[in-house]
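A.B. asks: What follows is a single structure, and I will ask about it in a moment.
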Ligand code: ATP
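Residue numbers (the numbering used here): 83 to 507.
Encoded structure:
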């Protein structure tokens, strides 16, 4: 790293500290992840204690740059408190203008605090809103989620058992973007409805409109149910707790009801959060297979917990998913406010899914013809087909996918299906 860019990076921190201290309306989400670290923000409570400061020690620890105060000593707008080597700005406006004119524009565009101040000064091509969008809100980070989880376990050791039964991801960890999913109009309408309900949660609470936010995703395997639940975590900025019913019930049977209670408890404590229960039809299967009544108690406990949880009151969005809706009885079915269909994609959807999956690849594909040829394929089948086509091209030392590779992909998916439906007897 050159000396000059080190100076810019130090000046970014010193200026950010000064502006953040002066403007009380700025909060933790106006700080870049590095500034959050240097200013010792509390990622659990989202609190940043003012005044924040830029010292040699903290800059060295976070940026790996030693003797920061010496490196900015030529700047006439910086003073140094000898004790602790804290740097201060003596005249904010000229210091900020100088930073910008000496090449700080790209750092400013990524730094909401600097963008806020320089936009106010009338600097062109600087947008506070864009800078905010360039940084992940602190609530979305894994660090925030981990800090909250360890605090919760500290308060109630029993919640640790629930952690073994769920997969928890912060929005930051979710790779699935809603823009990469090809959705039906109905699916998009639900997303919008939930977004508005969360935005107007207080209003709905005041008017006691609670029948929102328990969704059942229904459809064959590989049609995007899990992907949609994950994508909602990113879109709605909520961590997602993923539960497989078969996993909970296969373990210590006597403990099952308690484990279900604990999972719901955890979801409420982490709220706003998404609780995603996959294989929801397991509820029905377990009723018939159970001899000793423990499973029946577990199912009752699940249904009771579903009754008690609520997006408007507790901030928990519940999503159940099933490939076998016909197995669900009325008791389970009526607990959901909305049932959303994830059918096998039609020709147009298949064409769009294929375009999305291959958007970063070099390929000569007739999408229209391929969409026609792949009748009955799910989104997951289409992904598998393209993966096979990519491997076929790579094995042939090519990075461009052609019709022969696609043919191999189609055959592979069809063979899998044929094996699945083979009668061995
Ligand atoms: P299961 O019922 O077996 O759990 P599912 O319905 O949850 O399946 P996913 O796991 O979400 O399906 O999807 C499998 C893969 O197929 C994912 O990689 C997903 O991105 C892709 N996929 C499925 N449907 C779509 C779609 N409509 N648009 C884009 N990708 C899709």
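All C-beta atoms, glycine included, are put in the ideal place defined by N, C-alpha and C. Treat the numbers as computed from the prediction; the structure is a model and nothing was measured.
(1) With a floor of 4 residues, list each alpha helix (DSSP H) that falls wholly inside the stretch 296–378, ordered by position along the chain.
(2) Do residue 200 and residue 190 have their beta-carbon atoms positioned less than 7 Å apart in this structure?
(3) What residues are listed by DSSP as bridge partners for residue 161?
(4) Can you tell me whether residue 499 is buried or exposed? The criterion is at least 16 other CB atoms within 10 Å of its CB, across all chains shown.
(5) Quick one: complete beta strand (DSSP E) runs, 3+ long, within the stretch 398–425?
(6) So which of 160, 198, 92, 124 has the shortest CA-CA distance to residue 513?
(7) So, for residue 224: in the same chain, excluding its five sequence neighbours on each side, which residues have a beta-carbon less than 6 Å away from its beta-carbon?
(8) Exposed or buried, what is residue 207 when buried is set at 16 or more other beta-carbons lying within 10 Å of its beta-carbon?
(9) Can you give me the start and stop residues for the beta strand (DSSP E) that residue 250 sits inside?
(10) Hey, which unbroken runs of the alpha helix (DSSP H) at 4 residues or more fall wholly within the stretch 194–224?
(11) Tell me residue 444's beta-bridge partners as DSSP assigns them.
(12) For residue 83, does the three-state DSSP call read helix, strand or coil?
(13) Going by beta carbon distance, what residues of the same chain come within less than 6 Å of residue 63, once the five residues before and after it are set aside?
(14) How many Å lie between residue 361 and residue 329 at the Cα?
(15) Apply the 10 Å Cβ neighbour rule to residue 221 and answer buried if 16 or more other Cβ atoms are within range, or exposed otherwise.
(16) Which residues mark the beginning and the end of the alpha helix (DSSP H) in which residue 475 is found?
(17) Can you list, in chain order, the stretches of the beta strand (DSSP E) that have 3 or more residues and sit fully within the stretch 121–164?
(18) Taking the alpha-carbon positions, what's the residue 490 to residue 484 distance?
(19) Excluding sequence positions up to five away, which residues of its chain have a Cβ less than 8 Å from the Cβ of residue 355?
(20) Can you name the start and end residues of the alpha helix (DSSP H) that residue 111 belongs to?
(21) Quick check: what's the CA-CA separation for residue 266 versus residue 113?
(22) Ordered along the chain, which non-local residues of its own chain (more than five positions away) have a Cβ less than 7 Å from that of residue 243?
(23) Please classify residue 295: is it buried, with 16 or more other beta-carbons within 10 angstroms of its beta-carbon, or exposed?
(24) How many angstroms separate the CA atom of residue 88 from the CA atom of residue 303?
(25) Thinking just about the alpha-carbon of each residue, which of 445, 261, 464, 100 is nearest to the one in residue 134?
(26) Count Cβ pairs between the stretch 384–391 and the stretch 430–443 that sit closer than 8 Å; are there 3 or more?
(27) Leaving out the 5 sequence neighbours to the left and right, which residues in its chain are closer than 8 Å to residue 423 when beta-carbon positions are compared?
(28) Out of curiosity, what's the CA-to-CA distance linking residue 497 and residue 457?
(29) I'd like the list of long-range same chain contacts for residue 446, defined as Cβ closer than 6 Å, with 5 residues on each side in sequence excluded.
(30) Does residue 219 have its Cβ less than 7 Å from a Cβ in chain B?
(31) Evaluate residue 327 with the Cβ neighbour count: other Cβ atoms within 10 Å of its Cβ, from every protein chain shown; 16 or more gives buried, anything less gives exposed.
(32) Between 414, 464, 391, 440, which has its C-alpha nearest residue 426's C-alpha?
(33) Can you tell me whether residue 194 is buried or exposed? The criterion is at least 16 other CB atoms within 10 Å of its CB, across all chains shown.
(34) So the candidates are 290, 395, 408; which of them puts its Cα closest to the Cα of residue 364?
C.D. replies: Judging by the given coordinates:
(1) 307–318, 327–332, 338–351, 364–371
(2) yes
(3) 170
(4) exposed
(5) 398–404, 420–423
(6) Summary: the structure shown does not reach residue 513, with the chain confined to residues 83 through 507, and so no result is reported for it.
(7) 252, 254, 255
(8) Residue burial is scored here from C-beta neighbours: residue 207 has fewer than 16 other C-beta atoms within 10 angstroms and is therefore classed as exposed.
(9) Annotation: the continuous beta strand (DSSP E) that includes residue 250 extends over 248–251.
(10) 194–202, 210–215
(11) Its beta-bridge partners are 482.
(12) Low confidence applies to residue 83: its pLDDT is 42, below 50, so where it sits in the model is not reliable enough to give any reading.
(13) No answer is possible for residue 63: it lies beyond the span of the chain, which begins at 83 and ends at 507.
(14) 10 Å
(15) buried
(16) 461–477
(17) 160–163
(18) 10 Å
(19) 320, 321, 322, 323, 349, 397, 398, 399
(20) Looking at the DSSP string, residue 111 is not in any alpha helix (DSSP H), and its letter there is neither H nor E.
(21) 37 Å
(22) Within its own chain, the residues whose Cβ lies closer than 7 Å to the Cβ of residue 243, once the five positions on either side in sequence are excluded, are 341, 344, listed in chain order.
(23) buried
(24) 52 Å
(25) 100
(26) no
(27) Only 266, 268, 300, 301 meet the Cβ criterion.
(28) 15 Å
(29) 484
(30) Any reference to chain B falls outside this structure, which holds one protein chain only.
(31) So residue 327 ends up on the buried side.
(32) 464
(33) With at least 16 other beta carbons inside 10 angstroms of its own, residue 194 counts as buried.
(34) The shortest C-alpha separation from residue 364 is found at 408.
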